[in-house]
Amino acid sequence: MTNHRATLEIIAPTIDEAIEKGLRDLGLPREEIEVEILDEGSSGLFGLGSRQARVMLIVKGETESGIWPDSGPTVGVKPEAETPESRPEGTATQTDAYLVDVAQGIVSDLLHKMRLDDAKVDAYIGEAYGPLNRIPIHVDIYGDDLSILIGHRGETLEALQYIASLMLGKELERSVPLVIDVEGYRLRREQQIRRLTRRIADQVIQTNRSQALEPMPANERRIAHLELQNDPQVYTESMGIGRQRKVIIYPQEKVNQ
């Protein structure tokens, strides 16, 4: 029988509560699982409502079936995600087309409810990522004057993506990663964060003193961490609580002090 890495997706008011609930459901200690934070949650964004934290627990060991007992409607358990190469021949096109159609339809319906019928929606399958080789669906939105969909530092965009992700998961009856972008905002923001991170890192190296970046959501902090992960002269850590959580850049010499 093929071995799989089992995963458990949990929704709870906070990240810590989600992790604790997952550990209880799995009956495993903390050191035997890896944690992937899918959404840190929010107290509310521009009237779109609050949202709970969402995490995925990845069992470090392997099981024969990759299946754990179902612990309730907020928990989705599935084996390691298949890569496009591992799919049976002849099924990829049909499956991908269905996923793309559902995602595009959901986002289009949301835009219609927001009275943005002139916006164009383009959906497609992305590249596999992460320890589970998860395959995301990307949805790009184009049109005139869509800044309302982005909001301050992308907060409205994150809220839209979260709502669409919940609707997509309910429609498909399983979790599928969804990434929504508006007029290339995410790419521009990523480039901005990388430039800022590199500039601050250069200052840290020159002064031998740590510096903090501005508070960022989890997905943006990850960009900063990745930008410096191979730099031998600095290292990074995330500190703070909630929306004030930020990346701190330290000179590498301090590791040995």
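So for the sequence shown, the numbering used here puts the first residue at 1362; every next one is plus one. Backbone N, C-alpha and C define an ideal beta-carbon position, used for all residues, glycine too.
- Out of N1591, R1385, A1379 and G1388, the CA that lies nearest to the CA of R1415 is found in A1379.
- Per the C-alpha coordinates, the member of L1472, L1369, I1371 and L1384 positioned closest to V1543 is L1472.
- Per DSSP, D1478 lies in no alpha helix (DSSP H) segment and is marked neither H nor E.
- Per DSSP, the unbroken alpha helix (DSSP H) holding R1550 starts and ends at Y1546 to T1568.
- Separation of A1573 and R1391 (C-alpha to C-alpha, rounded to the nearest whole angstrom) is 29 angstroms.
- When C-beta atoms of the stretch 1575–1590 are compared with those of the stretch 1605–1616, three or more pairs fall below 8 angstroms, so the two segments count as touching.
- The criterion of a C-beta distance shorter than 8 angstroms is not satisfied by I1541 and V1595.
- With distances taken between CA atoms, K1531 lies nearest to A1464 out of G1515, L1557, A1464 and Q1567.
- Restricting attention to A1585, G1402, Y1459 and R1547, the CA atom closest to the CA of T1375 is found in G1402.
- Straight through space, the alpha carbons of L1533 and D1457 are spaced by roughly 12 angstroms.
- With a 10 Å radius around the Cβ and a threshold of 16 neighbouring Cβ atoms, I1502 comes out buried.
- Contact annotation, T1597 with A1579: C-beta distance approximately 14 angstroms; criterion of less than 8 angstroms not satisfied.
- Around the beta carbon of Y1459, fewer than 16 other beta carbons sit within 10 angstroms, so the residue counts as exposed.
- Annotation for A1373: the continuous beta strand (DSSP E) segment containing it runs T1368 to A1373.
- E1575 carries a coil assignment under DSSP once its states are collapsed to helix, strand and coil.
- Distance check between M1475 and each of I1509, V1461, P1497 and A1489 places I1509 closest, using alpha-carbon atoms only.
- Listed in chain order, the non-local C-beta contacts of P1593 below 7 angstroms within the same chain comprise Q1613, local neighbours out to five positions each way being set aside.
- Using a Cβ distance threshold of 8 angstroms, R1550 and P1576 do not count as a contacting pair.
- If you draw a straight line from the Cα of E1381 to the Cα of G1601, it comes to about 20 angstroms.
- Taking 8 angstroms as the cut-off, the Cβ atoms of L1418 and I1372 do not count as close.
- In this structure, M1528 sits near I1467, with a CB-CB distance shorter than 8 angstroms.
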